[in-house]
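Let me begin by presenting the structure, written as structure tokens, before commenting on it.
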Amino acid sequence: MSASVRAEAVGIRFLFDRHQRFVTPAIARLRKGVTEVWGVRGVDLALEPGRAIALIGPSGAGKTTLLRTIAGVLDPDEGRIAVEGRIGALLSVEAALTPALTGRENGNLLTALAGFPRRGTDGILEEIKRRSGLGPAFERPVGSYSQGMYARLGLAAVQQAEPTVLLLDEVHEALDHEYRLVLEEFAGAIVGRGGIVVAAGQDHELLARFCHEAILFENGSVRLAGPFEDVRRVSDA
Amino acid sequence: MIARPGPVLYALSESDLRARYGRGRIRLVKWLLDPFALVGVYLILISFLVNRPGPAPGLSLACAVIPFQLLMSSIISALTAVNRRKAIILNMRFRRELIPAAAVATEVVAFAASLILLVVMMAVYRVAPTVYALWLPVAIAVTIALSLACAYPACLLGIWFPDLRNFVISFVRAIFFISPALIALDRIHGTARTLVKLNPLSGVFESYRSALLYGHTPAAWELLYPLAWAIGLAIVFGLIFRIEQRQLAKVLE
Chain D
2 MSASVRAEAV
12 GIRFLFDRHQ
22 RFVTPAIARL
32 RKGVTEVWGV
42 RGVDLALEPG
52 RAIALIGPSG
62 AGKTTLLRTI
72 AGVLDPDEGR
82 IAVEGRIGAL
92 LSVEAALTPA
102 LTGRENGNLL
112 TALAGFPRRG
122 TDGILEEIKR
132 RSGLGPAFER
142 PVGSYSQGMY
152 ARLGLAAVQQ
162 AEPTVLLLDE
172 VHEALDHEYR
182 LVLEEFAGAI
192 VGRGGIVVAA
202 GQDHELLARF
212 CHEAILFENG
222 SVRLAGPFED
232 VRRVSDA
Chain A
22 MIARPGPVLY
32 ALSESDLRAR
42 YGRGRIRLVK
52 WLLDPFALVG
62 VYLILISFLV
72 NRPGPAPGLS
82 LACAVIPFQL
92 LMSSIISALT
102 AVNRRKAIIL
112 NMRFRRELIP
122 AAAVATEVVA
132 FAASLILLVV
142 MMAVYRVAPT
152 VYALWLPVAI
162 AVTIALSLAC
172 AYPACLLGIW
182 FPDLRNFVIS
192 FVRAIFFISP
202 ALIALDRIHG
212 TARTLVKLNP
222 LSGVFESYRS
232 ALLYGHTPAA
242 WELLYPLAWA
252 IGLAIVFGLI
262 FRIEQRQLAK
272 VLE
């Protein structure tokens, strides 16, 4: 299994107009009073195969922004990032699910977006249904789901994609006890096979179960990186 | 791994259609009835209740209203397309430049059902199809190309100026009214005719009338002028969208 994440001086910039609404750089050139805020800046990262890293820090510190940059959802405004491996991401409780679609239809859409060929999709969807444990609810629009059900379906879809780089952002905190164990096992298996897990969250006890190292974020920058317990001690202080 | 564009476009449109028409047999009924609910009632009103000049006035109007409906619904859909895809955009990398195209593909499926209205109007006015009706697929292709090209600036406007969505819709409606939609081009004369012909919709509407109502080959300008607009818009706004799609996740946060 081949996986690596390398970031060099990565910066993600947000531009806001006078009304504090986000504007794109193209529109910012046409407006006065635009202010810039860096979600993350100057972040260096070198994740080797077989590592599980927790991103910890207060809300707004840049954890989600970094995860989205690794996932390719955000492109760096400064620096560069290179990710090797198949990415599986759960970056919000909604987990890429469209409320108007059923569990099966969402699975169908996500497998197509992930690059799976249409042929053989039925088998994949049955596997997602089984893994999610949603039973008949799999055929209902996900708009009627609880947060836990969303997270279970999202997790099952990600498991099916067999990622070598797993990115988690607080989604695991929405899972019930049984599926937290499933997630821990899944994350452990990825790391065991030489993959990479990067997880952000506020539940440090949960993160400690599958992350050996941690990075403490503050104001969009890395304050400390090292063994999980050492970083956590500083964070809690 | 980034999926190939074809399957992504198909999957995005399919999900839109499921959300719109639901599931099971009822979706076929919804698909067929949708255009009647949107413009069919209006056309029947014009055909049977309002005394309008010219040959087959209801068919003449249908030749404008039906292609315009595709353009209008594509623009409305594109204006909110990025928001509708929020959960996916914020969670995974995919070909985001296909978002406006998927909105149009969905509307094309809806538009296909509305073509039945053209047949109905031809039957109402007893206009027999001629060999020139074979130009209809070409006219439809130009309509789709123009809708696709307009979807990209519409999507960008929805991102840049979300407060202006209603204004954009009103603006597009205004363009409809300054075209030969309600009055055929052969009834407009002088400077007004020259000005109206500058509207890319004029050529589209007249090409449908040429193929179905007048029974002759559409004039070259009727197809090429709107196509030139479509190519121009697609090049300019397609390039801008390719740059701006990098910012979509930030817009949605």
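Protein sequence lines correspond, in order, to chains D and A.
Heads up: the first sequence begins at 2 in the working numbering, then just goes up one per residue.
Heads up: the second sequence begins at 22 in the working numbering, then just goes up one per residue.
All C-beta atoms, glycine included, are put in the ideal place defined by N, C-alpha and C.
- As computed with DSSP, glutamate 85 of chain D is found in a beta bridge with D:Ser5.
- Just so you know, the alpha carbons of leucine 46 of chain D and arginine 114 of chain A end up roughly 20 Å apart.
- Residues of chain D with a Cβ closer than 7 Å to the Cβ of glutamate 265 of chain A are, in chain order, Thr25 and Ala27.
- Annotated as proximal: serine 5 of chain D and glutamate 49 of chain D, with beta-carbon spacing under 8 Å.
- Assignment of alpha helix (DSSP H) within the segment 27–66 of chain A, counting only whole runs of 4 or more residues, yields 47–56 in chain order.
- Flagged as an interface residue toward chain D: valine 272 of chain A, by a C-beta distance shorter than 8 Å.
- When DSSP states are grouped into helix, strand and coil, glycine 104 of chain D belongs to the helix group.
- Distance from the CA atom of leucine 136 of chain A to the CA atom of glutamate 219 of chain D, rounded to whole angstroms, is 59 Å.
- Sequence-distant Cβ neighbours of arginine 186 of chain A in its own chain, meaning closer than 8 Å and more than five residues away, are Leu100, Thr101, Leu178 and Gly179.
- By the neighbour-count definition (other C-beta atoms within 10 Å, threshold 16), isoleucine 252 of chain A is an exposed residue.
- Of all residues in the segment 55–79 of chain D, only Arg69, Ala72, Gly73, Val74, Leu75 and Asp76 place a beta-carbon less than 7 Å from a beta-carbon of chain A.
- Sequence-distant partners of alanine 85 of chain A (beyond 5 residues in either direction) whose C-beta falls short of 6 Å from its own C-beta, in its chain, are Ala202 and Phe226.
- Taking C-beta separations shorter than 6 Å and ignoring five residues to either side along the sequence, the partners of isoleucine 96 of chain A in its chain run Cys171, Ala175 and Val193, following chain order.
- Three or more beta-carbon pairs separated by less than 8 Å link the segment 226–236 of chain A to the segment 143–158 of chain A, which places the two stretches in contact.
- Two segments are said to touch when three or more pairs of C-beta atoms, one from each, lie closer than 8 Å; by this definition the segment 64–84 of chain D does not touch the segment 26–46 of chain A.
- Counting C-beta pairs with one atom in each stretch, the segment 147–157 of chain D and the segment 128–136 of chain D have three or more that are closer than 8 Å, which means they touch.
- About 41 Å separates the CB atoms of glycine 80 of chain D and glycine 124 of chain D; that is not less than 8 Å, and the two are not in contact.
- At a cut-off of 8 Å between beta carbons, valine 130 of chain A makes no contact with chain D.
- Distance from the CA of glycine 121 of chain D to the CA of lysine 130 of chain D, rounded to the nearest whole angstrom, comes to 15 Å.
- At a cut-off of 4 residues, the continuous stretches assigned as alpha helix (DSSP H) that sit fully inside the segment 171–253 of chain A are 186–198, 211–219 and 221–230.
- Neighbours of glycine 124 of chain D across chain A, judged by C-beta separation under 9 Å, do not exist; the nearest C-beta is about 17 Å away.
- Within its own chain, the residues whose Cβ lies closer than 6 Å to the Cβ of arginine 19 of chain D, once the five positions on either side in sequence are excluded, are Gly34, listed in chain order.
- An exposed status is given to proline 158 of chain A, since fewer than 16 other beta-carbon atoms sit within 10 Å of its beta-carbon.
- If you draw a straight line from the Cα of glycine 221 of chain D to the Cα of valine 232 of chain D, it comes to about 16 Å.
- Distance from glycine 116 of chain D to isoleucine 23 of chain A at the Cβ level is roughly 7 Å; contact confirmed, criterion being Cβ atoms closer than 8 Å.
- Scanning chain D for C-beta atoms nearer than 7 Å to the C-beta of isoleucine 204 of chain A yields nothing, as the closest lies near 39 Å away.
- Looking from the CA of alanine 126 of chain A, the closest CA among A:Tyr31, A:Leu222 and A:Trp242 belongs to A:Tyr31.
- Contact between the segment 47–66 of chain A and the segment 223–237 of chain D is absent, with fewer than three C-beta pairs closer than 8 Å.
- Burial check for serine 147 of chain D: the Cβ neighbour count within 10 Å stays below 16, so the residue is exposed.
- Under the Cβ criterion of 8 Å, arginine 119 of chain D is counted among the residues facing chain A.
- Boundaries of the beta strand (DSSP E) harbouring alanine 53 of chain D: 52–57, taken from the DSSP string.
- Look at the segment 86–97 of chain D: the residues with a C-beta under 7 Å from a C-beta of chain A are Arg87, Ala90, Leu92, Ser93, Glu95, Ala96 and Ala97.
- Taking a contact as a CB-CB distance under 8 Å, the pair glycine 144 of chain D and proline 77 of chain D does not count as one, their CB atoms being some 34 Å apart.
- By the neighbour-count criterion, in which a residue is buried when 16 or more other Cβ atoms sit within 10 angstroms of its Cβ, leucine 70 of chain A is exposed.
- The three-state secondary structure of isoleucine 165 of chain A, taken from DSSP, is helix.
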